[in-house]
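A short worksheet on the structure shown next.
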Amino acid sequence: MRLQVKPGTTPDNLNITLSGHDLRVNFENKAGPEYKQVTIWPTADLEKLKTELRSDGFLHITVPIKV
8 MRLQVKPGTT PDNLNITLSG HDLRVNFENK AGPEYKQVTI WPTADLEKLK
58 TELRSDGFLH ITVPIKV
């Protein structure tokens with residue numbers, strides 16, 4: 008999945024937290040502070056969750072399924 012966080016967002020002004028299955032992304036850019044929140048499905052392997060902030064303004068999130 009991917010979340011749009013705005014071009015120009017850097018890892019220094021990005022904070023990702025996981026509470027249970029709720030993933031919250033806080034970020035700040037020229038427009039000010041913002042956040043996005045998504046609920047990850049219950050079959051997800053949260054220990055293997057990976058994120059990658061790309062220069063296109065999207066945070067790419069990889070969440071494998073438990074087998």
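Convert by adding 7 to the 1-based position in the sequence shown; the result is the number in my numbering. Built from N, CA and C at the ideal position, the CB exists for glycine as well.
Find the nearest neighbour of residue i within the set the options, judged by alpha-carbon distance.
{"i": "A51", "options": "H28, I23 and K13", "result": "H28"}
{"i": "I23", "options": "T16, N33 and F65", "result": "N33"}
{"i": "V70", "options": "S26, K57, Q44 and D63", "result": "K57"}
{"i": "K55", "options": "K13, Q11 and I72", "result": "I72"}
Near residue i, what residues of its chain come up, given a Cβ to Cβ distance below 6 Å and the 5 sequence neighbours on each side ignored?
{"i": "E59", "result": "H67"}
{"i": "M6", "result": "Limits of the chain in this structure are 8 at one end and 74 at the other, which puts residue 6 out of reach."}
Would you say the beta carbon of residue i is closer than 7 Å to some non-hydrogen atom of the ligand ATP?
{"i": "D52", "result": "Ligands are entirely absent from the displayed structure, and the ligand ATP is therefore not among its contents."}
Sort out for me which residues DSSP pairs residue i with in a bridge.
{"i": "T58", "result": "I68"}
{"i": "D29", "result": "S26 and T46"}
In three-state DSSP terms, what is residue i?
{"i": "D52", "result": "coil"}
{"i": "D19", "result": "helix"}
Could you pull out every residue in the same chain whose Cβ sits closer than 7 Å to the Cβ of residue i, ignoring the five residues on either side in sequence?
{"i": "R31", "result": "T24, Y42 and Q44"}
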